[in-house]
Amino acid sequence: MASTYAAVYARWKSEPSVFWSEAAAAIDWFKAPDIAFDGQRGVYGHWFPDGETNTCYNCLDRHVAGGRGEQTALIYDSPVTGRKQRFTYREMLTEVEAVAAVLADLGVGRGDRVIIYMPMVPEAVFAMLACARLGAVHSVVFGGFAAHELATRIEDCKAKVVVAASCGIEPGRIVAYKPLLDAAIDLAVHKPEHCLILQRPELEAPLSGERDVDFALSVAAAKRAGRPVSCVPLPATDPLYILYTSGTTGQPKGVLRDNGGYMVALAWSMKHFYGVAPGEVFWTASDIGWVVGHSYIVYGPLLNGSTTVLYEGKPVGTPDAGACWRVVQEHGVRVMFTAPTAFRAIRREDPEGALVAGYDLSSLRCLFLAGERADPDTLQWAERVLGIPVIDHWWQTETGWPMAGNPLGLGLLPVKHGSPSVPLPGYHIDVVDDAGHPVGPGTLGNIVVRLPLPPGCLPTFWNADERFHTTCLAEFPGYYKTADAGYIDEDGYVFIMARTDDIINVAGHRLSTGAMEEVCASHPDVAECAVVGIADTVKGQIPAGFLVLNSGVSRESSLIEQEVVTLVRERIGPVAAFKTVVCVKRLPKTRSGKILRGTMQKIADREAWKMPATIDDPTILDEIREALQARGIGI
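Going by full-length UniProt numbering, the first residue of the sequence shown is number 1, and it counts up by one from there.
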């Protein structure tokens, strides 16, 4: 199919307000907006300021009314517990209405904040939608977060109610949530009025006092009462949720998302970018604690009338590296979306992709990757073993939906490995130097987006307009600062090479750690890698590479390290001064799969550092420290 991308992008660019007003017709409004954008309101403006709508209504009620009531809306698949459930749109509406009734009885109404501290279970999705139904603002906090981090979020948003589970299930262990929640409330000055607790059979929690309420018993009572809870008509600019960004320390940074603009952007992206039709199965293998889970496990697929998969498990180890292929086959997944780190884990355990042959993947039309940079080698491996298009795309918690990518729904463009392809409508992307001056094609610089940001992007931070302006808008006036570094080539393709603080200065040369990682990952024995800049008395900084090898590699790691050094020298040049390479068993990551390069750099440079709130396994940092000290680094 020939791509219509250029025409669509040009149309947006010439008439942005008309473009988005037409896109707004894809959702239902209680009061349709007459104004697409008002640049005089808010920090940089508001989308659809005179419209009234409700996100839960658009995700559930209208589909039931429109004849999709018996279609499967959500598939819950939990290899860690062995449980599977399916919910139709009508059944989802019944569940969400009951949870909304319980929350309303606990005093939750429009504008109140509700923290959701739960694992990947259907009740977490029901709670999100129930908040949206009432006009309450939810803030999902990744289940199992440390008590101090949960406390800062309770305090920052002044949560009226916390919805939590008794525990989460990880491969090989059970994580008790209730003690963490109790400790967080003890730490917080602001105290939630109630905690609604879902008791999981793997580990029930003692409930005490009037504050703790049993989720299942309360919801069952609400169902018996059969009290209807209507969707509250809300201004499009009302907040839908607050999402605190991963790695937050000290004062939390709550990304705010509105109702109207978010729905318009997600509805457009589901059809025109991801190319998913109503009724098709869309699986985003992420977590609702992250923006990917908000946008493309919950809201995007349900707005689109699709079937979404809620997966409680890991890409490997539940039970093996064929876990993803089992889900695709069993549920007829048409389009899958996950992080590159998931595929690196799969590739490490199954380098030849041998497990793929054991499953029928004929339903799978396309794989999308996002969350961190997809190195070309991992992407090409996925292409080889799956035999379908594998699309890298780029976006952030702040934007809520993709900024750049190859649009399956508009017809794919030629692929350039290493690039998430082209800007999507709504995003005028430029590259500027540190003084804010535009740079030419192929020149590394700061990637910025011209204001106004399109619908779906954050209008501000929660209760922190000035902080939002200072952090994101002030450095490059007229632009949103992405804090990513890269370049745009002569064909308009965007290349994201690193976070701006991952650009290192080696003897006056600005070099991208992402470019070095790309070379390291091309070695056939390397499963994944990270490159960080460490202090050097002569050159200022020099790169240090950390390699994780594929399973079954028997060659001496010192030989592989030297081969990688040679590769970088050949492809990037001696200017990189790439000499320090260390093979490690694992890389430290957040629960969303982002490699903690900044923490690794601080360990190497013997700087003070704090345990990241979102780290998946803190013991890995000890392994990194020991590996560096064995080389005389960080002592």
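Quick reminder that beta carbons are idealized off the backbone N, C-alpha and C, glycines included.
Reduced DSSP category for residue i - H, G, I as helix; E, B as strand; rest coil
i           : result
S139        : strand
H46         : strand
P376        : helix
A535        : strand
V548        : strand
G632        : coil
Y9          : helix
G254        : strand
L129        : helix
L361        : coil
V292        : helix
T88         : strand
H190        : coil
L451        : coil
F343        : helix
residue 636 : In the structure displayed, the chain extends from 1 to 635; residue 636 sits before or after that span and is not available.
E52         : strand
V439        : coil
P423        : strand
N446        : strand
G179        : It is worth fixing the name first, because residue 179 is Pro in this sequence and not Gly. DSSP places P179 in helix when its eight states are reduced to three.
C-alpha gap between residue i and residue j, whole angstroms
i    : j    : result
W268 : Y359 : 32 Å
L355 : E349 : 10 Å
V8   : P425 : 7 Å
K602 : V281 : 43 Å
V213 : Y177 : 15 Å
V229 : F48  : 26 Å
G247 : A613 : Confidence in G247 is poor, its pLDDT being 41 and thus under 50, which makes the residue's placement unreliable; the coordinate value appears in the next sentence. If you take the alpha carbons of G247 and A613, they lie about 6 Å apart.
S295 : L266 : 7 Å
S166 : E204 : 6 Å
W12  : P239 : 26 Å
L567 : E528 : 15 Å
V299 : D77  : It should be noted that the sequence gives Tyr, not Val, for residue 299. Those two C-alpha atoms are separated by around 18 Å.
T88  : Q629 : 56 Å
G107 : V125 : 20 Å
A483 : G400 : 16 Å
E626 : D502 : 23 Å
G279 : D616 : 35 Å
D50  : G261 : 12 Å
W395 : G209 : 44 Å
T249 : F142 : For T249, the predicted structure reports a pLDDT of 41, less than 50, and the residue's modelled location is therefore unreliable. The matter cannot be settled from this model.
E352 : E517 : 21 Å
V276 : P206 : 44 Å
D320 : W20  : 44 Å
A65  : R90  : 9 Å
L473 : G45  : 13 Å
D28  : P179 : 42 Å
Reference residue i; option with closest CA among the options
i    : options                   : result
E475 : I447, W462, F495 and A464 : I447
A225 : S295, V43 and A98         : A98
G109 : G440, C167, S512 and C231 : C231
T338 : W20, L621, R373 and A627  : R373
V538 : A530, N406 and N505       : N505
D112 : E607, E193 and A435       : E193
A216 : R631, P206, V64 and I197  : I197
A26  : T55, H469 and V114        : T55
F389 : M403, P402 and L367       : Checking the displayed sequence, the identity of residue 389 turns out to be Pro instead of Phe. The shortest C-alpha separation from P389 is found at L367.
T341 : G69, A285 and V327        : A285
A221 : V102, H428 and V264       : V102
E123 : F145, R200, D156 and R68  : R200
V564 : I572, C520, L587 and M600 : C520
T397 : I429, V553, V333 and V255 : V255
A164 : P171, M128, T237 and E170 : M128
V575 : D28, Q541 and H63         : Q541
S419 : D489, C457 and E561       : D489
Proximity test, Cβ basis, 8 Å: residue i and chain C
i   : result
V80 : No chain C appears in this structure, which consists of one protein chain only.
Every unbroken beta strand (DSSP E) within the segment 195-234, with a cutoff of 3 residues, ordered by chain: 212-214
Completely contained alpha helix (DSSP H) runs for the segment 300-336, where each covers 4 or more residues: 300-303 and 323-331
The segment 181-188 / the segment 137-150 touching (three or more Cβ pairs under 8 Å): yes
Touch test, the segment 110-123 against the segment 302-312, Cβ-Cβ under 8 Å, three pairs minimum: yes
Inside the segment 539-612 only - beta strand (DSSP E) runs reaching at least 3 residues: 540-549 and 580-583
Alpha helix (DSSP H) segments (min. 4 residues) lying fully within the segment 493-531: 513-521
Inter-stretch contact at 8 Å, needing at least 3 Cβ pairs: the segment 580-598 / the segment 544-557: yes
The segment 56-64 in contact with the segment 456-471 per 3-pair CB rule at 8 Å: no
Segment contact, 8 Å Cβ cut-off, at least three pairs: the segment 443-463 with the segment 486-500: yes
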